[in-house]
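Student:
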Amino acid sequence: MKDFLDELDKELSLPEDIDVLDQTETEMEKENHAEIKPVKKEIVVIKNNRIMNDVIKAIPMSKKEGDSSTNKKVIVHNHNNNHNHNKTKVENNQIIGDDNIKKTSNNGEHEIRWKFISKFPDTKFYLPALRQGYTRYMPIWGNNETWAKNMWMVQYDEDIILIDCWVQFADPDMLGVNYSIPDVSFLTKYKKNIKGFLITHAHLDHIGSLKHVMPALWMPTLYATRFTLWLIKKIFEEAWLLSYANLIEVDSHTGQKIKIWKFSVEFFNVNHSVPDCAWIYLESEGGTKIVHTWDFKIDHTPAIDKPADLDRIESIWKRWISLFLSDSTWSTRKGFSMSEKNVWEELEKIVSNHTKWRLIIATFSSWISRIQQLVDICEKYDKTIFLSGRSMVENVAIAKELWYLNIKQGIVKKMTPKNTKGVAPHNQIIITTWSQWEEFSALTRMAEWKHNSVEVIKWDTVIFSSSIVPWNEKSVISIINKLIHLWANVITKDDWEVHTWGHAFQEEQKIFLQLVKPKYFMPIFWDLYFRTVHKNTAVDTGFNEENILMLDNGNMVDFAPNNGNVFKSRIKAPIQELVIDGFGMWLANSHVIQAREKMMNSWVLVISFKVDKKTKAILGHMKLESRGLVYLDEVRFIHRLIIKKARDVYENTVKDVPDIEEKDLLKIIRLDLEKFLLHRLDREPMIIPMVVEV
Ligand SMILES: [Zn+2]
103 MKDFLDELDK
113 ELSLPEDIDV
123 LDQTETEMEK
133 ENHAEIKPVK
143 KEIVVIKNNR
153 IMNDVIKAIP
163 MSKKEGDSST
173 NKKVIVHNHN
183 NNHNHNKTKV
193 ENNQIIGDDN
203 IKKTSNNGEH
213 EIRWKFISKF
223 PDTKFYLPAL
233 RQGYTRYMPI
243 WGNNETWAKN
253 MWMVQYDEDI
263 ILIDCWVQFA
273 DPDMLGVNYS
283 IPDVSFLTKY
293 KKNIKGFLIT
303 HAHLDHIGSL
313 KHVMPALWMP
323 TLYATRFTLW
333 LIKKIFEEAW
343 LLSYANLIEV
353 DSHTGQKIKI
363 WKFSVEFFNV
373 NHSVPDCAWI
383 YLESEGGTKI
393 VHTWDFKIDH
403 TPAIDKPADL
413 DRIESIWKRW
423 ISLFLSDSTW
433 STRKGFSMSE
443 KNVWEELEKI
453 VSNHTKWRLI
463 IATFSSWISR
473 IQQLVDICEK
483 YDKTIFLSGR
493 SMVENVAIAK
503 ELWYLNIKQG
513 IVKKMTPKNT
523 KGVAPHNQII
533 ITTWSQWEEF
543 SALTRMAEWK
553 HNSVEVIKWD
563 TVIFSSSIVP
573 WNEKSVISII
583 NKLIHLWANV
593 ITKDDWEVHT
603 WGHAFQEEQK
613 IFLQLVKPKY
623 FMPIFWDLYF
633 RTVHKNTAVD
643 TGFNEENILM
653 LDNGNMVDFA
663 PNNGNVFKSR
673 IKAPIQELVI
683 DGFGMWLANS
693 HVIQAREKMM
703 NSWVLVISFK
713 VDKKTKAILG
723 HMKLESRGLV
733 YLDEVRFIHR
743 LIIKKARDVY
753 ENTVKDVPDI
763 EEKDLLKIIR
773 LDLEKFLLHR
783 LDREPMIIPM
793 VVEV
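Just add 102 to wherever you are in the sequence shown, counting from 1, and you've got our numbering.
(1) Taking 7 Å as the cut-off, is the beta-carbon of His-374 closer than that to any non-hydrogen atom of ligand 1?
(2) Can you tell me the Cα-Cα spacing of Met-724 and Glu-699, whole angstroms?
(3) In chain order, which continuous runs of the beta strand (DSSP E) of length 3 or greater are located wholly inside the segment 443–502?
(4) Where are the beta strand (DSSP E) runs, 3 residues long or more, that stay fully inside the segment 672–731, in chain order?
(5) Is there a C-beta anywhere in chain C that falls below 8 Å from the one on Leu-344?
(6) Exposed or buried, which one is Ala-304 when buried takes at least 16 other CB atoms within 10 Å?
(7) Let me know if His-394 comes out buried or exposed under the rule of 16 or more other beta-carbons within 10 Å of its beta-carbon.
(8) Take the Cβ of Trp-589 as the centre, count every other Cβ of all protein chains shown within 10 Å, and call the residue buried at 16 or more, exposed below.
(9) Excluding sequence positions up to five away, which residues of its chain have a Cβ less than 8 Å from the Cβ of Asp-411?
(10) Near ligand 1, which residues have their beta-carbon closer than 5 Å to a heavy atom?
(11) Check whether the segment 280–295 touches the segment 680–687, taking contact to mean three or more Cβ pairs, one atom from each stretch, closer than 8 Å.
(12) What are the residues that DSSP puts in a beta bridge with Asp-261?
(13) Across the segment 405–422 and the segment 618–629, are there enough close Cβ pairs to call them in contact, namely three or more that are closer than 8 Å?
(14) So Leu-427 and Ile-470 are in contact, right, with Cβ under 8 Å, and what is the actual spacing, rounded?
(15) Considering Cα atoms alone, identify which of Thr-237, Phe-222 and Lys-221 is closest to Phe-70.
(16) Which residues in the same chain have their Cβ closer than 6 Å to the Cβ of Phe-632, if we skip the five residues on either side of it in sequence?
(17) Return the CA-CA distance between Lys-747 and Lys-560, expressed in angstroms with no decimal places.
(18) For Thr-323, tell me which candidate among Phe-288, Lys-361 and Val-558 has the shortest Cα-Cα distance.
(19) So, do the segment 376–392 and the segment 659–667 have three or more beta carbon pairs nearer to each other than 8 Å?
(20) Let me know the secondary structure DSSP gives Ala-231 once reduced to three states.
(21) Run the CB neighbour count on Val-737, radius 10 Å, all protein chains shown included, and call it buried at 16 or more, exposed below.
(22) Specify the secondary structure class of Asp-429 as computed by DSSP and reduced to three states.
(23) Which residue from Glu-416, Val-732 and Ile-382 puts its Cα closest to that of Lys-359?
(24) For Leu-349 versus Leu-331, is the C-beta distance shorter than 8 Å?
(25) What first and last residue would you give for the alpha helix (DSSP H) that runs through Val-393?
(26) Three-state secondary structure (DSSP) at Arg-435?
(27) Rounded C-beta distance between Val-445 and Ile-479? I'm assuming under 8 Å.
(28) Would you list the residues sitting across from Val-793 in a DSSP beta bridge?
(29) Quick check: the segment 781–795 against the segment 703–719, are there 3 or more CB pairs under 8 Å?
(30) What first and last residue would you give for the alpha helix (DSSP H) that runs through Trp-332?
(31) With a Cβ-Cβ cutoff of 8 Å, do Thr-634 and Gln-616 count as a contact?
(32) Evaluate Asp-401 with the Cβ neighbour count: other Cβ atoms within 10 Å of its Cβ, from every protein chain shown; 16 or more gives buried, anything less gives exposed.
(33) Assign Asn-655 to one of three DSSP states: helix, strand, or coil.
(34) Whole angstroms is fine: what's the gap from Met-702's alpha carbon to Val-279's?
Structure representation (structure tokens):
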């Protein structure tokens, strides 16, 4: 990979530790860990910022000071030499990061390196007692929302296992906050019981908030497949948590069984839009057997992954599955989802016939198979690929290092003016991020001419080779508009088959249900509408409707021992969303967000009264400022009306209740003015009255 990075012109901004395990480093690792006892061969453990690729060893739970219920006060510091001067303080198991943790970069400049928050609110909620031998399952997130938010819990006896951990980045409704994460505060009192964190795949809506959630739960051991684990490693590294993490790589192809306290767990390889996606099979000591799936599809001819492991899945019914969960994302789509192979053919046609200026292809940076397809096509037609966007460059580097990507020397370079020099424009294939969450993704910057090396011009062709999900359709269309304004040629899925979906269509959903033959079935993910269509598909295949569980987030179902019946708890866990707003973590329905909502929908009116301290009489003219409330033609008239009304309300109130407290006075003024404006103008601004006594 070092060669590869050199090839990318050494300008690659990878975090320092995502570098190659070359021979020297491996030898060092051997020395460093000479005392470690070897365990099962299949398990690869990450420790001290390295995956032990060739020395397959397990590390005992890292000795974190205070990692016990008796000692709650801990000081943890990062072991990475570069960051030793920055300490992170952990109190009562909450990590309070320095507000601006800085590091010195190679060129001597200071930059904000990282800031993370793991301070969850207090929630008074106790999980209801679980009867002996019963196994509990609960969607914490994943049902009942249009957004992709994923997190589940399984409990047997006192042992808890969590699955996946979403993040959502800012959308227009989030009003200025950076991103949102699940509130796990009700779980923090059970942190001693959380025995493992299982991850299905590497999309951010499954791993993105681990850096906040894991420290609050005392860093339980995390299990994932190889590619997923590396992306998690990158997240932890950037949050300076890697030294405290126990990350265990699991094999989803061989039927490797992992014992996690009172659970036996197995990963199954399935296809999706990111490598190494897995189903998870969990069996409790109570004899309940759950097949947990999340995003998946069947692809008999995937670009890089192996096809879904149908042989193993086919025989899973013999275990008598208690519960099968299945992805409802595209439950409305009939037939089968398209194979990656079809996209290859379409992309090849486009690339081979492209003789005009540059070809810019926008895709998700985690869609490694799409990138491999483009690499192969470009090699065949003697084109050069230029990567644009930090996550694109980083993910490609990781995938190449792990051999998910096979790239011949000289085919792929980083997008810089220096690198493109001498390459004819029609031989330049620029692969760029079009993240559905990043407003300022590389493509947006190119379309707005804010990119440091690519400005889209008249003869360029831009291909959207990634999905347009309903909630970001508007912003995609806005980018397309910008590109068309620049006279670029735009190709989307509507013009060519340049994209496949990462989720199963109806026929695949039916096949899996018939293969697994569970006692109970639960359609999961997305709105009730999509889950209900999935339920109807299951009923059409002859599945007993009474055995289909439709659960809201926070609902719990308890399974009787040995594939027994299910019981739904009347108690519902409090499911809340937290927003990360600058340097703080807050409830998504906090008064700040409510106020922002009001300002967005209603506008602002500030009115100030200068009054005599003793007599309370208004002195001089009243001041009024409004934003977004009145139009130019009406401003004088309306401001005069408001001032007159405000003066009347103030004077009457002070006359009626001379010793009224200021806060009550302000409230009366605000409410009366609100009523008045609604009545006179049919408008509802946010009103901020102020009284200044002189
Ligand atoms: Zn996914």
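Think of the CB as a built atom: it goes at the ideal place given N, C-alpha and C, for glycine as much as any other residue.
Tutor: Let's see:
(1) At least one heavy atom of ligand 1 is found less than 7 Å from the C-beta of His-374.
(2) So the two alpha carbons sit approximately 28 Å from each other.
(3) Entirely contained in the segment 443–502, the beta strand (DSSP E) runs reaching 3 residues are, in chain order, 461–465 and 486–490.
(4) The qualifying runs are 679–683, 686–689, 706–713 and 725–729.
(5) Of the protein chains in the structure, only one exists, and it is not chain C.
(6) Residue environment analysis places Ala-304 among the buried positions, since at least 16 neighbouring C-beta atoms fall within 10 angstroms of its C-beta.
(7) Counting Cβ neighbours within 10 Å, His-394 comes out buried, since at least 16 surround it.
(8) Trp-589 comes out exposed.
(9) Around Asp-411: Ser-354, His-355, Phe-370, Asn-371 and Val-372.
(10) Residue list for ligand 1: His-305 and Asp-397 (CB closer than 5 Å to any heavy atom, chain order).
(11) The way I'd put it, the segment 280–295 does touch the segment 680–687; three or more beta-carbon pairs between them come closer than 8 Å.
(12) Tyr-258, per the DSSP bridge assignment.
(13) The segment 405–422 is in contact with the segment 618–629.
(14) Contact flag wrong, Cβ pair sits at about 26 Å.
(15) With the chain running from 103 to 796 in the structure shown, residue 70 is simply not present.
(16) Excluding residues within five positions, the ones whose Cβ falls inside 6 Å are Ser-430 and Ser-433.
(17) If I take the Cα positions, the gap works out to 58 Å.
(18) It is Lys-361 whose Cα lies nearest to the Cα of Thr-323.
(19) They touch, by the three-pair rule.
(20) Looking at Ala-231 - three-state DSSP - the assignment turns out to be coil, as it is neither helix nor strand.
(21) By the 10 Å Cβ count, Val-737 comes out exposed.
(22) In the three-state scheme derived from DSSP, where H, G and I count as helix and E and B as strand, Asp-429 is classed as strand.
(23) When each option's Cα is compared against that of Lys-359, the closest is Ile-382.
(24) Yes, the Cβ-Cβ distance between Leu-349 and Leu-331 is below 8 Å.
(25) For Val-393, there is no enclosing alpha helix (DSSP H); the enclosing beta strand (DSSP E) covers residues 391–394.
(26) Taken through DSSP and simplified to helix, strand or coil, Arg-435 comes out as coil.
(27) The C-beta separation of Val-445 from Ile-479 comes to about 11 Å, leaving the pair out of contact by the 8 Å criterion.
(28) Looking at the DSSP assignment, Val-793 forms a beta bridge with Phe-711.
(29) Output reads yes: the segment 703–719 touches the segment 781–795.
(30) Its alpha helix (DSSP H) spans residues 328–340.
(31) In this structure, Gln-616 does not lie closer than 8 Å to Thr-634 by Cβ.
(32) Looking at its Cβ environment, which holds 16 or more other Cβ atoms inside 10 Å, Asp-401 is buried.
(33) Asn-655 falls in the coil class under three-state DSSP.
(34) For Met-702 and Val-279, the distance between alpha carbons rounds to 14 Å.
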